[in-house]
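Undergrad: Chains A and B supply the protein sequences, listed in that same order.
Residues -4 to 307, numbered by my numbering, are exactly what the first sequence covers, in order.
Residues 72 to 436, numbered by my numbering, are exactly what the second sequence covers, in order.
Positions of the beta carbon are idealized from the N, C-alpha and C atoms, including for glycine.
Can you read through this structure? Questions will come right after.
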Amino acid sequence: MSFSVTEPRRGTKWLAGILVVGYAIITMVPLLWIIATGFKSPTDSIAYPPVVVFDPTLEGYVNLFTDRTRATPQMLEEAGPPETWYDAIAQERGTVITGPSRYGERFLNSVIIGFGSTALCMILGTAAAYAFSRFRVPLKDDLLFFILSTRMMPPIAVAIPIFLMFRNLGLSDTHLGMILLYTAVNLSLSVWLLKGFIDEIPVEYEEAALIDGYTRFQAFYKVVLPQAATGIASTAIFCLIFAWNEYAFAVLLTSGNAQTAPPFIPTIIGTSGKDWPAVAAGATIFLIPVMVFTILLRKHLLRGITFGAVRK
Amino acid sequence: MAQIRIENLRKDFGAFNAVKSSTFTVEDGEFFMLLGPSGCGKTTTLRMMAGLELPTSGEIYIDGQEVGQKPASQRDIAFVFQMFALYPHMNVRKNISYPLVSQGMPRAQVTAKVHEIADILGISDILDHPVSGLSGGDRQRVALARAIVREPKAFLMDEPLGALDAEFREHMSEELRALHDRMGATTVYVTHDQLEAMQMGDKIVVMNHGVVEQFGVPQDIYDWPATKFVAQFIGSPPMNFLDFHGSIGAGADHVALDGIAMQVPQSRIGASGALTFGVRPEHIRLDDSAPYRGRVVATEYLGTTQIVTFDTPNGIVKARVASADPVAVGTTTGLAFDPRTVTIFDAGSGQALRSAANEGVLAHG
């Protein structure tokens, strides 16, 4: 007699499996499509009906990372045989590479601004959430509501005041400006999420540390933080995804210096016809950091480290 | 190890007054119980001793030093939490050594110390286990080890056995008491369980609604409760209260209960009006010749003794008598109260009247 009330029936399991796989396919298809398009030739990329089996080419990636100019057959002949594989790809299309494109630079800007704002957001968010969770803060509920209320409208609704403020403060088109902006937008989310996680950590752990001779800050640093790791990791992922993908403010506030990848990618279309493979290649590379970050933190997302330490 | 003295300690949480002017002393090496129902302020008092709450007013002296407003880390006391509060991200060894690491003790010494304490508590074999897999008893031992390892001035324990199963609690309470006797450490122990308090404590403070009701050795508190609350909170079944209107003069040694003269310890003060005649169930004898009579309404068999419930002119009375005594429900019999054990209370204030029998106990209460 070994029944378990939690074990689902066979049919239920199958149904759940089919639903999950179905959902995965629906969400994965556009992603796979973009990745595939990055390796297609321009003709294949706009073929109808769509081409599923095709000759892969790195042309999209070459176009993404380089600036080229159209060349006459005469010029090509004078230039002689291509020196590298990417020169060869460019010459096949009747162009010569004139130098690297700005994609690398834009991508680096995205990394600096995305990770910078996420880090700042985590530091400020954890400190604020801890204070809200543990201390008697005057007007606590009102403050928390106020913080939440900053999310009640789309951030872009305040684009004009921010644009003017940034211009006056000299923050337009700077890394610092964008880091501050994304931090400001994300902070309310991170304070609320982290407060929830910190509320769940029994206050006795810190009290035990205080009794054991540690200061309040040491107790926070050595006892609370390791246990809030799960919450911090998942909150960081949310913040990074927002900052990483943000488009509207980036278009509005950045141009030559601190422009991030999202506003840059569409400009690829305009430089030499509708170069969809290059756009797709840019999007594919753009995906990688967030994916890696999420996979690295996945361990924390799944691990219930406080399990069983306190009897409830 | 040290003496802990509490003077006029008060704690307010906003408008709520959790502790009202407590005063008592825990002597060096004592096993001291803070007893009371939930919400009586006993845990708040303990937390103020520890420095986890700061008193609104009043003083706390540990080892002669006033520490009332000092942070917990500077008081050199250990605290055992009801929920153990073992650091979940560390294994047993790290948990135990954590207080030593904070003092900057050299590594070799820490290791030696941890092993010594683990031996005392019988947890040497689980030093490298994570705390999450441990049984309740082992967690309790680890929590104790973490408290002991530092050799603090005092141990403060907040219902440390409350989270354990009933049968295991018995065992741990013996272990705890034995450990205390071995270490001779000043221990303050919070509990709401009167049996635990009587069984383990050298001294007991009984608190109610933020007020210290009585303070003394278990036997005195049991025999000579200072208030009706203490009389009722301690003992199972609790002390019987026979309410009557009457008077007792200073120096008098009886009261009239339903018109029958009852002998009581000689009163030191006079009182009149609504009074309460208090007698413990085991100090009532069934005696058919006694003039005070009650009708048996129920009996409860408890092995060697039985609890007999009587309906009397002054209310319900429970007596603990030998199981062998034949008692039939519905019959009426005489009740004789042992005159040496009676306490008279002022029914209004709930305070015990000072008498020849209890004045020694009430003097330091």
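1) Does any C-beta atom of chain A lie closer than 8 Å to the C-beta of I47 (chain B)?
2) Residues in the same chain with beta-carbon distance under 7 Å from R164 (chain B), minus the five sequence neighbours each way, listed in chain order, please.
3) Counting only runs that start and end within the stretch 159 to 195 of chain A, where is the beta strand (DSSP E) found for 3 or more residues in a row?
4) Distance, Cα to Cα, R4 (chain A) vs I41 (chain A)?
5) Just verifying my parser: in three-state terms, what is the DSSP assignment at T61 (chain B)?
6) Hey, A327 (chain B) and G320 (chain B): beta-carbon distance below 8 Å or not?
7) Enumerate, from N- to C-terminal direction, the unbroken alpha helix (DSSP H) stretches of 4 or more residues contained entirely within the stretch 97 to 130 of chain A.
8) Classify V301 (chain B) as buried or exposed, calling it buried when 16 or more other Cβ atoms lie within 10 Å of its own Cβ.
9) List the DSSP bridge partners of Y132 (chain B).
10) Which of the three DSSP states, helix, strand or coil, is assigned to F95 (chain B)?
11) Counting along the chain, where does the alpha helix (DSSP H) carrying L250 (chain B) start and finish?
12) Q213 (chain A) and H160 (chain B) look like a contact to me (Cβ under 8 Å); what is the Cβ gap, rounded to whole Å?
13) Which runs of the beta strand (DSSP E) spanning at least 3 residues fall entirely within the stretch 375 to 408 of chain B, listed in chain order?
14) Please check the pair L117 (chain B) and Q140 (chain B), which I expect to be a contact at CB under 8 Å, by giving their CB distance rounded to whole angstroms.
15) Can you find a C-beta in chain B that's less than 8 Å from the C-beta of L176 (chain A)?
16) Who are the Cβ neighbours of T289 (chain A) in its own chain at under 7 Å, not counting the five residues just before and after it?
17) Please report the straight-line C-alpha distance between F152 (chain B) and R210 (chain B), rounded to a whole angstrom.
18) By the DSSP assignment, the alpha helix (DSSP H) with A268 (chain B) in it spans what residues?
19) Between the Cα of P362 (chain B) and those of B:D329, B:T347 and B:I378, spot the shortest distance and give me the residue it belongs to.
20) Closer than 6 Å by C-beta to R364 (chain B): which residues in its own chain qualify, once you throw out the five before and the five after it? Chain order, please.
21) Closer than 8 Å, CB to CB, is I148 (chain B) near chain A or not?
22) Count the other CB atoms, across all protein chains shown, that sit within 10 Å of the CB of L291 (chain A); report buried if there are 16 or more and exposed otherwise.
23) Identify each residue in the stretch 198 to 210 of chain A for which the Cβ-Cβ distance to at least one residue of chain B is less than 7 Å, and report them in chain order.
24) Under a CB-based cut-off of 8 Å, is Q254 (chain A) close to chain B?
25) In angstroms with no decimal places, state the Cα-to-Cα distance between E78 (chain B) and P201 (chain B).
26) Taking 8 Å as the threshold (beta carbon to beta carbon), is M243 (chain B) in contact with chain A?
27) Applying the criterion that 16 or more other CB atoms from any shown protein chain within 10 Å of the CB defines a buried residue, is F150 (chain B) buried or exposed?
28) Quick one: is W239 (chain A) buried, meaning 16 or more other Cβ sit within 10 Å of its Cβ, or exposed?
29) State the beta-bridge partners of A418 (chain B) as determined by DSSP.
30) In three-state terms, what does DSSP make of L357 (chain B)?
31) Just how far apart, CA to CA, sit F140 (chain A) and F127 (chain A)?
32) By the 8 Å beta-carbon criterion, what residues does the stretch 163 to 177 of chain B contribute toward chain A?
33) Contact check, Y200 (chain A) vs A156 (chain B) under 8 Å by CB: the rounded distance?
34) Could you say if the stretch 329 to 342 of chain B and the stretch 413 to 421 of chain B meet the contact criterion of at least three C-beta pairs nearer than 8 Å?
35) Identify the residues that DSSP records as bridge partners of M104 (chain B): which are they?
36) On the three-state DSSP scale, how would you describe L205 (chain B)?
TA: Considering the structure as presented:
1) What the structure shows of chain B is the stretch from 72 to 436, and residue 47 (chain B) is not part of that stretch, so it cannot be assessed.
2) V185, L198 and D199
3) none
4) 47 Å
5) For residue 61 (chain B) there is no data in the structure shown, the boundaries of chain B being 72 and 436.
6) no
7) 98 to 129
8) buried
9) B:R76 and B:E137
10) strand
11) A237 to M254
12) Actually they are not in contact, since the Cβ atoms of Q213 (chain A) and H160 (chain B) sit about 15 Å apart, beyond 8 Å.
13) 376 to 383, 386 to 393 and 403 to 408
14) Contact doesn't hold; Cβ gap of about 17 Å is too wide.
15) no
16) I232
17) 11 Å
18) Q265 to M271
19) B:D329
20) T403 and G405
21) yes
22) exposed
23) E199, Y200, E202, A203, L205, I206, D207, G208, Y209 and T210
24) no
25) 42 Å
26) no
27) buried
28) buried
29) Note: A418 (chain B) sits in no beta bridge, so no partner.
30) strand
31) 12 Å
32) Y169, P170, S173 and Q174
33) 5 Å
34) yes
35) B:Y260 and B:I275
36) coil
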